[in-house]
Structure formats: C-alpha cells, structure tokens
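Heads up: the structure comes next, in structure tokens.
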Amino acid sequence: MTTIPVEAIASNAAGGVLVAFIGGLVVAGALVWAVRPGIRVRRREPAPPRRWDHPAVPPSGPVGAARELREPNEVPRAGDESARLTPHEIHAVTGERSENQDRPRRSPGSSGSFGSGGSGAT
78 MTTIPVEAIA
88 SNAAGGVLVA
98 FIGGLVVAGA
108 LVWAVRPGIR
118 VRRREPAPPR
128 RWDHPAVPPS
138 GPVGAARELR
148 EPNEVPRAGD
158 ESARLTPHEI
168 HAVTGERSEN
178 QDRPRRSPGS
188 SGSFGSGGSG
198 AT
C-alpha cells in the first residue's frame, strides 16, 4: 500500500484548515476593529436617564382608568341626502356623563355571545 494518496488527502486537509483558520482571524480582526468606532460613538452620545430623571408616581398611588357611561352624541345629518359631511362640519365629541351608570346586562334566557352553548332563546 502506498502512502501517496494518504499524504495528498492530509496535505489538502491541512491547507483547508489553514485557510479556514486565516479566514477566522480576518473575521475576528474585522469585528474587533468595528467595535472600536462603536465605542467612540457611544462615548459622544448623552448618558441614559437616571432613575430620578423619570416622572414619579403620585403619593396617592397609580392613577387608574376611569370607567363611566357617556350620553350618546349624535352625528349631524347633511341637509341634502346625497351630500356628504366634511370633517369641519362635524362637531367635537363632547359626550356628557350619563346619570345612569348601571352597565347594561344581557337579558335572562338569552344565549350570550355566538357559540356560547346557550339555549338560543332571546
């Protein structure tokens, strides 16, 4: 058995490993070089805000969302049925607070939402 094919395979493998190693060194060097300008840019930027720079929660605690029912505010109708209202003809939304704040409940015997498995009677 001759060793020439084994030596050829080993020399090609060694060459491939050497090329991969050199390529890895080039990529690693490029990454290290790219970090240095990034550090310089970061030093020129303003520092991130500190904890006391942010707004604080009021002493009474966090403010929750208000849930209230409003009176309906009807959209005005156009004078001509074929005409459309433009945005400047519609008044601002200023619904008044409703006197009755009881939330509407579903009527007894109704099925609830679609597919809820109820009897379907309304």
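If you're matching positions, the sequence shown starts at 78 in the numbering used here and goes up one per residue.
In this text, a Cβ means the ideal position worked out from N, Cα and C, and glycines have one as well.
Predicted, not measured: the structure shown is a model, and the values here were computed from it.
Separation of residue j from residue i, as counted between CA atoms
i: residue 108; j: residue 94; result: 21 Å
i: residue 128; j: residue 142; result: 25 Å
i: residue 112; j: residue 125; result: 20 Å
i: residue 43; j: residue 144; result: Beyond the ends of the chain as shown, which are 78 and 199, falls residue 43; an answer cannot be given.
i: residue 139; j: residue 105; result: 50 Å
i: residue 101; j: residue 123; result: 35 Å
i: residue 119; j: residue 167; result: 50 Å
Any chain B beta carbon closer than 9 Å to residue i
i: residue 141; result: Looking for chain B here will not work: only one protein chain is present.
Nearest neighbour of residue i, chosen from the options [CA to CA]
i: residue 165; options: 174, 152, 157, 176; result: 152
i: residue 173; options: 182, 146, 160, 163; result: 146
Cβ pair residue i, residue j closer than 9 Å
i: residue 148; j: residue 175; result: yes
i: residue 162; j: residue 169; result: no
Per-residue DSSP class, three states only, for residue i
i: residue 144; result: coil
i: residue 174; result: strand
i: residue 128; result: helix
i: residue 93; result: helix
Contact test: residue i Cβ vs the ligand SAM heavy atom, cutoff 8 Å
i: residue 101; result: As for the ligand SAM, it is missing from this structure, which has no ligand bound.
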